[in-house]
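Those protein sequence lines, which keep their order, are chains A and B. Here my numbering is used: the first residue of the first sequence is 142, the next is one more, and so on. Here my numbering is used: the first residue of the second sequence is 142, the next is one more, and so on. We put the CB at the ideal spot given by N, CA and C, even for glycine. Worksheet: the structure to be examined is printed underneath.
Protein chains: 2
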Amino acid sequence: MTIEELRIRIDELDRQLVELLSERARAAQMIGHLKAATSLPVYEPNREKIIYANVRAANKGPLPDIELTHIYERIIDVMRALQRNELASQRHAQAAEQEGGALGHAAGESSSETGKKS
Amino acid sequence: MTIEELRIRIDELDRQLVELLSERARAAQMIGHLKAATSLPVYEPNREKIIYANVRAANKGPLPDIELTHIYERIIDVMRALQRNELASQRHAQAAEQEGGALGHAAGESSSETGKKS
C-alpha cells in the first residue's frame with residue numbers, strides 16, 4: 142500500500158470513528174437526561190474505572206494501553222461536558238416550568254432551548 | 142432505555158472504537174514505515190488540516206465540532222508519537238545494519254527490537 146492509499150483508508154476510518162463517537166454521545170446525553178430525573182451526579186468515578194478497564198481489555202495493540210487511555214481521557218472529558226449541558230438545560234427547563242406554573246405560560250415556552258450547540 | 146442498558150451499549154461502542162483506533166494506528170505505523178524510506182517528516186500540517194476538515198464534514202452531532210476537534214487533537218498526538226517511534230526504531234535498525242556491515246553480524250541482530258511497547 143502507498144502512503145496515498147493508507148490515507149484514503151484513514152479518512153474512511155475517521156468517518157466511522159465520528160459515527161461511533163456521535164452514537165456514544167447520544168447515549169451519554171440520554172444518561173444525562175435520566176440522571177436529571179434521579180439526581181445522580183455526572184461524575185461517577187466507579188463507572189469511569191469500568192470504562193477504562195473495558196477499553197484496556199479490548200486493546201490488542203499496536204497502541205500501548207497508556208496511549209489509548211490518553212485518548213479516552215479526552216473522550217470522557219467531552220462526554221461529561223455534554224452530559225452536564227444536558228442536565229443543566231433540563232434543570233433550567235424544569236425551573237422555568239415551575240416558574241411558568243406560577244406566572245403563566247410565557248416562562249415555560251422560552252425554556253425549550255437546549256444549549257447543545259454551545 | 143434504562144441507564145444500565147445505555148451503559149451496556151456504551152461499553153459495546155467503546156470496544157468498536159478501540160478496534161477502529163487500532164486499525165487507524167496500524168495504518169499510521171505503516172505510513173511511518175514508508176516515511177522512513179522517503180525521508181518525509183512526521184509532522185505534516187497540510188495533511189492534518191485535511192483530517193480535521195474530513196472529521197468536521199462527517200459530524201452530524203450531537204457533539205459540537207469544537208468538542209470533536211478536541212478528541213481528534215488527542216488522537217493525532219498519539220498517532221504522531223506512534224509514527225515517530227516507528228521511524229526511530231527503523232532508523233535505529235538501519236544504523237545498526239550499516240554498523241553490522243562494517244563490524245560483522247552481531248550489531249544487526251540486536252536491532253530487531255521495535256520499541257512499540259514503550
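Not a single CB atom of chain A sits nearer than 8 angstroms to the CB of GLY173 (chain B). When Cβ-Cβ separations below 8 angstroms define contact, VAL219 (chain A) makes contact with chain B.
Taken through DSSP and simplified to helix, strand or coil, LYS201 (chain B) comes out as coil.
The C-beta of PRO203 (chain A) comes closer than 8 angstroms to at least one C-beta of chain B. A distance below 8 angstroms between beta-carbons, with the five flanking residues on each side excluded, links LEU209 (chain A) to the following residues of its chain, in chain order: VAL196, ARG197 and ASN200. For SER163 (chain B), the enclosing alpha helix (DSSP H) starts and ends at 144 to 179. DSSP places GLU185 (chain A) outside both helix and strand once states are collapsed to three, so it counts as coil. In summary, GLY173 (chain A) is buried, with 16 or more beta-carbon neighbours lying within 10 Å of its beta-carbon over all protein chains present. Identification of chain A residues near ALA234 (chain B) by a Cβ-Cβ cut-off of 8 angstroms yields none; the smallest Cβ-Cβ distance measures about 17 angstroms. At a Cβ-Cβ threshold of 8 angstroms, LEU162 (chain B) and LEU204 (chain A) count as neighbours.
Between VAL183 (chain A) and LYS176 (chain A), the C-beta spacing is below 8 angstroms. Contact between ALA168 (chain A) and ARG150 (chain B) is confirmed by a C-beta separation of about 5 angstroms, below the 8 angstroms threshold. C-alpha of ASP155 (chain B) to C-alpha of GLN224 (chain B): approximately 24 angstroms in a straight line. ARG225 (chain B) has a beta carbon lying at 8 angstroms or more from every beta carbon in chain A. Listed by position along chain A, the residues whose Cβ is nearer than 8 angstroms to that of ALA199 (chain B) are ASP155, ARG156, VAL159 and GLU160.
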